[in-house]
Amino acid sequence: MLVRPATVLDAGAIAVVQTRTWQAAYRGQMPQEYLDRRDPEQGRIRWLRWLEGNQAPAAVFVLDDDGAGVVGFVSVAPSRDDDTDPRFVGEVQALYVLPGHWDRGAGRLLMRAALRRLRESGYGDVILWVLATNDRARRFYEAGGWHPDGATKIDDSRGFPLTEVRYRHSGG
Numbered sequence: 002m003l004v005r006p007a008t009v010l011d012a013g014a015i016a017v018v019q020t021r022t023w024q025a026a027y028r029g030q031m032p033q034e035y036l037d038r039r040d041p042e043q044g045r046i047r048w049l050r051w052l053e054g055n056q057a058p059a060a061v062f063v064l065d066d067d068g069a070g071v072v073g074f075v076s077v078a079p080s081r082d083d084d085t086d087p088r089f090v091g092e093v094q095a096l097y098v099l100p101g102h103w104d105r106g107a108g109r110l111l112m113r114a115a116l117r118r119l120r121e122s123g124y125g126d127v128i129l130w131v132l133a134t135n136d137r138a139r140r141f142y143e144a145g146g147w148h149p150d151g152a153t154k155i156d157d158s159r160g161f162p163l164t165e166v167r168y169r170h171s172g173g
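In our numbering, the protein residues as written are 2 to 173.
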């Protein structure tokens with residue numbers, strides 16, 4: 002498996018990974034009809050725009066598995082939170098791996114690349130948001146040295162409320 006910087010040519014594969022992972026990981030945590038309506042083509046357009054406008058230190062890395070193509074990705078950028086200083090706090094904005102590659106080290110490889118990029122960009126602290134109900138992801142982050150920092154939020158941008166918990170990792 003190889004972690005590499007994403008290019009605009011990866012937009013479709015990233016969208017497929019995100020869609021399929023949401024449909025598996027968030028089953029029972031979001032309305033099923035919402036998950037069923039997720040369309041990789043709409044995601045491809047969003048990711049294409051993001052990749053075209055991407056400026057350092059923001060980055061997306063993909064994980065290529067020999068023969069399987071892109072099986073995961075991670076995106077990083079300066080923190081978007083009002084209570085953090087984006088000059089000093091980075092953010093892991095998304096980390097998704099196709100379900101068939103869970104528990105095989107793919108997430109750890111991607112997280113290592115994300116933290117390396119943020120550390121090299123000068124960030125001492127890094128945050129991420131995770132659904133409060135996503136026990137699998139929370140265990141993954143905690144095993145990697147992340148901890149809840151006390152911040153929570155309700156995201157209702159999709160038409161239903163989702164409670165999220167912010168995690169923090171120090172030392173990039």
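Glycine included, every Cβ here is placed at the ideal spot set by N, Cα and C.
Keep in mind it's a predicted model, so treat the numbers as computed, not measured.
Where residue i falls, given that 16 or more other Cβ within 10 Å makes a residue buried
i: V9; result: exposed
i: I186; result: Beyond the ends of the chain as shown, which are 2 and 173, falls residue 186; an answer cannot be given.
i: S80; result: buried
i: G54; result: exposed
i: A69; result: exposed
i: G146; result: exposed
i: D11; result: buried
i: W57; result: Just to set this straight, residue 57 is Ala in the shown sequence, not Trp. Exposed.
Within 8 Å, strictly: CB atoms of residue i and residue j
i: Q94; j: S122; result: no
i: R118; j: A60; result: yes
i: V98; j: G73; result: yes
i: V131; j: Y124; result: no
i: A25; j: R137; result: no
i: N135; j: Q30; result: yes
i: S171; j: D126; result: yes
i: V17; j: F62; result: no
i: A114; j: E92; result: no
i: V71; j: A14; result: yes
i: D66; j: M112; result: no
i: G108; j: L96; result: yes
i: T20; j: P100; result: no
Min CB distance residue i to chain D below 8 Å
i: W51; result: Chain labels in this structure do not include chain D; a single protein chain is all it has.
Anticipated Cβ contact below 8 Å, residue i with residue j, distance rounded
i: L64; j: L110; result: 6 Å
i: L36; j: R28; result: 7 Å
N-terminal and C-terminal residue of the alpha helix (DSSP H) that residue i is part of
i: Y142; result: 136 to 144
i: R28; result: First-last for R28: undefined, no H or E at that position.
i: R120; result: 107 to 121
Residue range of the beta strand (DSSP E) that includes residue i
i: Q43; result: From DSSP, Q43 is part of no beta strand (DSSP E) but of the alpha helix (DSSP H) over 41 to 54.
i: V127; result: 126 to 132
i: G174; result: In the structure as shown, the chain begins at 2 and stops at 173. Residue 174 is therefore absent and cannot be evaluated.
Between the segment 85 to 94 and the segment 45 to 53, do at least 3 Cβ pairs fall closer than 8 Å? no
Pairs of beta-carbons, one from the segment 36 to 47 and one from the segment 96 to 104, closer than 8 Å: are there three or more? no
Could you tell me whether the segment 135 to 151 touches the segment 162 to 169, using the rule of 3 or more Cβ pairs below 8 Å? yes
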